[in-house]
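Structure, as structure tokens:
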Amino acid sequence: MSSTVEPTQEERAAATTLLHMIWGLHISRAVHLAAELGVADQLAGGEQTAAALAGATKTDEPALYRVLRLLAALGVLTQPEPGSFGLTVLGERLRSDVPASMRNWAMLADTVGFRAYEPILEAVRTGLTGAEIAYGATIFERLRDDPPRAARFDAAMAERTAAFAPSVAAAYDFAGMRLIADIGGGQGTLLAAILRRHKHLRGVLFEVADVARRAADVLREAGVADRCEIVAGDFFADVPDGADGYLLANVLHDWDDGRAVQVLQACRRAMGGGGRVLIIERLIPDDPRGAVPVLLSDLNMLLLSGGQERTNAEYGMLLAAAGLRPGQVQPVATPYGVIEGFAA
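For the sequence shown, the positions run 1 to 344 when the working numbering is used.
And the structure:
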């Protein structure tokens with residue numbers, strides 16, 4: 001519907017904001033491309049021209065320039081003069097050689113993830129995941145059949161864990177424990193951070209076999225391999241017995257309530273009378289308005305795995321259903337929290 005009425009400044013601003021949301025795919029793909037090409041690594045030594053970057057990345061200079069120009073407008077790159085680019089604080093995170101790297105995370109925005117987002121309407125109508133509709137399989141089955149992409153996924157999860165692992169190690173009181181088991185602990189990033197800080201602890205990393213094999217290097221480089229055992233298995237069935245604490249970091253949000261309770265029940269069976277579960281997850285606040293990052297993650301779970309992000313109260317219900325008594329919630333790194341569950 002057309003109109004000759006001049007829009008107000010507020011209406012123009014609203015249209016610009018909405019258009020930015022509509023074009024979110026373009027932004028994601030541009031960041032993904034920069035990560036895939038290693039643009040930030042090329043710029044680690046200082047500013048370069050688009051021509052030099054095109055030569056280093058084996059791309060078409062005019063086409064690459066247009067992507068770089070957008071990334072500069074978004075604040076990922078600097079553009080001190082036409083045709084020359086450098087890194088901003090955001091762009092530094094796309095380097096592969098920095099502790100806070102998010103390059104692998106950016107590289108997850110590839111065709112596999114986007115295909116699971118294409119059938120969002122059917123997913124909302126049917127309750128199936130986008131991955132099931134797109135692939136006829138769960139996202140984890142899809143990754144299992146694609147080892148290179150699975151390795152990238154694991155590296156991205158390690159990057160994400162590295163963002164909160166030091167906070168967990170520093171904020172939570174592990175003094176009364178001797179053995180902790182990291183269930184579904186990926187490449188061992190969290191367990192390594194905890195063992196480095198708490199020298200009295202020993203650890204068990206419990207993961208599926210393919211991921212567990214990649215954890216040995218992480219634990220060795222952290223200097224904690226001599227205090228950690230790596231065990232392969234299925235956390236829906238049984239987990240190692242006798243730990244004082246069972247860590248579940250970014251695990252339960254991958255699963256629906258029924259499967260999440262199964263994981264918690266496996267931990268409950270394995271722990272002694274004084275044991276505890278420590279759930280480390282993003283928490284949806286009671287007032288979710290403005291909680292965009294965790295709600296985006298929730299949508300991601302809906303479409304990829306059928307899991308969900310939850311409130312503290314919802315995690316309490318899962319613990320109770322598994323025969324565990326909810327304890328305290330220790331905030332560690334917004335929006336993450338450590339949720340305790342004790343043998344009931």
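Ideal Cβ placement from N, Cα and C applies to all residues, glycine included. In this text, all values refer to a predicted model and were calculated from it rather than measured experimentally.
Test item: CB-CB of residue i and residue j under 8 angstroms
i	j	result
T161	T129	no
W105	A40	no
A134	R149	no
A343	G275	yes
F153	L108	yes
A222	A249	no
A171	Q48	no
A44	L94	no
R259	L324	no
V224	L195	yes
I339	I279	yes
A212	D238	no
A52	D60	no
F236	V277	no
L247	A181	yes
R220	G203	no
H253	M317	no
L303	A123	yes
A85	A72	One detail in the question is off: residue 85 reads as Phe in this sequence, not Ala. Yes. Within cutoff.
L296	P288	no
Q138	S305	Just to set this straight, residue 138 is Thr in the shown sequence, not Gln. Yes.
A50	L68	yes
P335	A291	yes
Y65	G83	yes
One or two residues paired with residue i in a DSSP bridge
i	result
Y336	R282, A333
L87	L77
E229	V204
T8	Beta-bridge pairing links T8 to no other residue.
Q42	Paired residue(s): none; Q42 is not in a bridge.
P62	P62 is not bridged to any residue.
P326	G341
Y246	A181, V277
T49	S84
R310	L283
Assigned exposure category for residue i - 16 Cβ within 10 Å defines buried
i	result
P416	Any question about residue 416 goes unanswered here, given that the chain covers just 1 to 344.
L121	exposed
V89	exposed
V261	buried
G176	exposed
A209	exposed
Q9	exposed
G273	exposed
G281	Note that residue 281 corresponds to Glu in the displayed sequence, not to Gly. Burial call: buried.
E309	buried
D145	exposed
R178	exposed
G186	buried
L87	buried
R125	exposed
Cβ-Cβ separation, residue j to residue i (assumed contact under 8 angstroms), whole Å
i	j	result
A215	L205	5 angstroms
T57	Q42	7 angstroms
P240	V231	6 angstroms
E159	M102	6 angstroms
G327	G341	6 angstroms
V31	V76	7 angstroms
Legend entry - Every unbroken alpha helix (DSSP H) inside the segment 162-223 [4 residues or more]: 189-197, 209-221
Inset, instruction - For the segment 96-156, list the alpha helix (DSSP H) runs that are entirely contained and at least 4 residues long, ordered along the chain. - result: 103-107, 111-117, 120-126, 130-135, 139-144
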